[in-house]
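Engineer: Residues 1 to 262 (UniProt numbering) are what the sequence shown spells out, left to right.
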Amino acid sequence: MSKSLKKIVEESREKNQPEVDMCDRGISNMLDVPGLFTLSHITQLVLSHNKLTTVPANIADLRNIEVLNFFNNQIEELPTQISSLQKLKHLNLGMNRLNTLPRGFGSLPALEVLDLTYNNLNENSLPGNFFYLTTLRALYLSDNDFEILPPDIGKLTKLQILSLRDNDLISLPKEIGELTQLKELHIQGNRLTVLPPELVFMVDTCRRILNLQRRTMTSQRRSAVSLWQPRTNKSLTSASVFMSFTLLLHVPIIFLCISCYS
């Protein structure tokens, strides 16, 4: 028999447990969980697979939180107070109903992994300071409604993974060439007809291989557990572009000299 939510909170407080898991408990309001926001010591909170529609302003009380997992809820909006979580490193908001992000969202100084997959976001949904998140290593924006990727994407110079698959993108900005640490770029399932020449940065003669996948990945609603850490491939130290050639009318000539892996 599963523990009550009250019991989970009490045990975390009494034993000073840093991780609280309330996955798939039918929670529709975080304020209904007795004492949850008194757990200022916790570093990880999992509330995936629940029925949340909002995140209360009280989230700011969890001042030591490093990992927040809200995957697969019904969240439509976030409070501006979420930007006060100065230690937050991993934020999973995949598979929700967000159509905008709050003002000041870019004021998260430690954020490394941000998953916004399967929402209703577009280029107008991002606050002005979104691209101040310069500590990001992985950004997942797949399965949204982006037609344009803002040029400010070039400011996220620490990105290793950028997932943009299954949007409505018609082009990529040349500033993507400034992401020199990028290891994975997922752009399949868009309306791209041109690849910018600036993607040449991903090719380092004799040491890196640009991998253009010829098959389109099927869009599936997957668990975000595997998205917490950037994937590494020890057998191939390469930057990879995952995409479909179906709609491409022009590929920069440099790509024609590169081995393709399917």
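All C-beta atoms in this analysis are idealised placements derived from N, C-alpha and C, irrespective of residue type, glycine included. This one's a predicted model, so the numbers in the text were calculated from it and none came from an experiment.
Given a cut-off of 9 Å, decide if N69 and S48 are closer than it, judged by their beta-carbon atoms.
Structural biologist: Closer than 9 Å, so yes.
Engineer: Quick one, which of L116, E10 and R191 has its alpha-carbon nearest L162's?
Structural biologist: The candidate whose alpha carbon is nearest that of L162 is L116.
Engineer: If you draw a straight line from the C-alpha of L101 to the C-alpha of E77, how long is it?
Structural biologist: L101 and E77: Cα-Cα distance of roughly 7 Å.
Engineer: Give the straight-line distance between the Cα atoms of N144 and F131, rounded to the nearest whole angstrom.
Structural biologist: Taking the straight line joining both Cα atoms gives about 18 Å.
Engineer: Would you check if the distance between the CB atom of L164 and the CB atom of L136 is smaller than 9 Å?
Structural biologist: Cβ distance not < 9 Å, so L164 and L136 don't count as in contact.
Engineer: Are the segment 87-94 and the segment 102-112 touching by the rule of at least three beta carbon pairs closer than 8 Å?
Structural biologist: Contact holds: three or more Cβ-Cβ distances are below 8 Å.
Engineer: Which residue or residues does DSSP assign as beta-bridge partners of D21?
Structural biologist: Bridge partners of D21: V46.
Engineer: Quick check: the Cα distance between N16 and F105, rounded to an integer number of angstroms?
Structural biologist: Near 29 Å, if we compare the C-alpha coordinates of F105 and N16.
Engineer: Keeping to the same chain, check which residues put their C-beta closer than 6 Å to that of C23; ignore five residues upstream and five downstream.
Structural biologist: V46, S48 and H49.
Engineer: Could you give the DSSP three-state label for L210: helix, strand or coil?
Structural biologist: Any reading at L210 must be qualified, since the residue scores a pLDDT of 36, below 50, and its modelled position is unreliable; no value is offered.
Engineer: Contact check, F37 vs D21 under 8 Å by CB: the rounded distance?
Structural biologist: Not a contact, Cβ separation roughly 17 Å.
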